[in-house]
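Below is one structure, written out as structure tokens; comments come after it.
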Amino acid sequence: MSLDDELEKIKMRKMRELMSASKNPSPTVVAEPVELTDQSFDEFVGSHDFVVVDFWAEWCAPCRAIAPVVKELAKQYAGRVYFGKLNVDENPRTASAFGIMGIPTLLFFKNGRVVDMVVGAVPKRVLEARINQYL
């Protein structure tokens, strides 16, 4: 067998491995905020080590301003921090349980417990600093 034949065999084997891997992808990492409800909130927060939840409402201009920042952070920290969004008008029970009085409010959860809170539309670097102190 020549060196070319051997290389061709290796190449074909690697191609089959790649084709097989593409049919069975690994679990995906959540890279954008998950829409939460009163019903899904506890399970989401309880099933991840570090979670940031954005409490917001459609009519809230600062909420709309910070939404793209939260989305960017979800991509930036994908696999390390999980982000959720909870509409306070549609899910008043959870918002009330955490005493949310102003929006946007971001709550930071570590192992299911609130460890920090940010109220208002703050710059991305402020949120990054808060997140990094818990990683």
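Positions 0 to 134 (numbering that gives the first Met the number 0) are the ones given, in order, by the sequence shown. All C-beta atoms in this analysis are idealised placements derived from N, C-alpha and C, irrespective of residue type, glycine included. Given the structure is predicted, the values throughout are model-derived calculations rather than measurements.
Which one of the options has the shortest CA to CA distance from residue i?
i    : options                   : result
A56  : P91, G98 and N110         : P91
V52  : N131, L134, Q132 and G111 : G111
M134 : D88, V118 and Y76         : One detail in the question is off: residue 134 reads as Leu in this sequence, not Met. Among D88, V118 and Y76, the Cα nearest to that of L134 is on Y76.
V33  : A73, S95, R63 and P61     : A73
D88  : C59, V69 and Y81          : C59
V118 : E71, C62, F82 and K70     : C62
G101 : F43, F54 and E42          : F54
E31  : E71, S1 and R124          : E71
Evaluate residue i with the Cβ neighbour count: other Cβ atoms within 10 Å of its Cβ, from every protein chain shown; 16 or more gives buried, anything less gives exposed.
i    : result
L106 : buried
N86  : buried
T36  : exposed
G45  : exposed
N23  : Its pLDDT being 48, under 50, N23 is placed unreliably in this model, and the coordinates cannot settle the point.
V114 : exposed
L126 : buried
I99  : buried
I130 : buried
K84  : buried
K10  : exposed
A94  : buried
When you compare the CB positions of residue i and residue j, do they come within less than 7 angstroms of one another, or not?
i   : j    : result
E65 : P103 : For clarity, residue 65 is Ile in the given sequence; the question names Glu instead. Yes, the pair counts as a contact, with Cβ atoms nearer than the cut-off.
P50 : F108 : According to the sequence shown, residue 50 is Val rather than Pro. Going by C-beta atoms, V50 is nearer than 7 angstroms to F108.
Kindly list the residues whose CB is nearer than 6 angstroms to the CB of residue i, restricted to its own chain and excluding five residues on each side of it in sequence; keep chain order.
i    : result
E7   : none
M116 : L106
H47  : Y81
Just to confirm my understanding: we take residue i, look at its own chain, exclude 5 residues before and 5 after, and list those with CB closer than 7 angstroms. What are they?
i    : result
A120 : P61, A64, I65 and P103
M14  : none
Suppose the cutoff is 8 angstroms on Cβ atoms and the five residues either side in sequence are ignored; what does the same chain contact list for residue i look like?
i    : result
A128 : none
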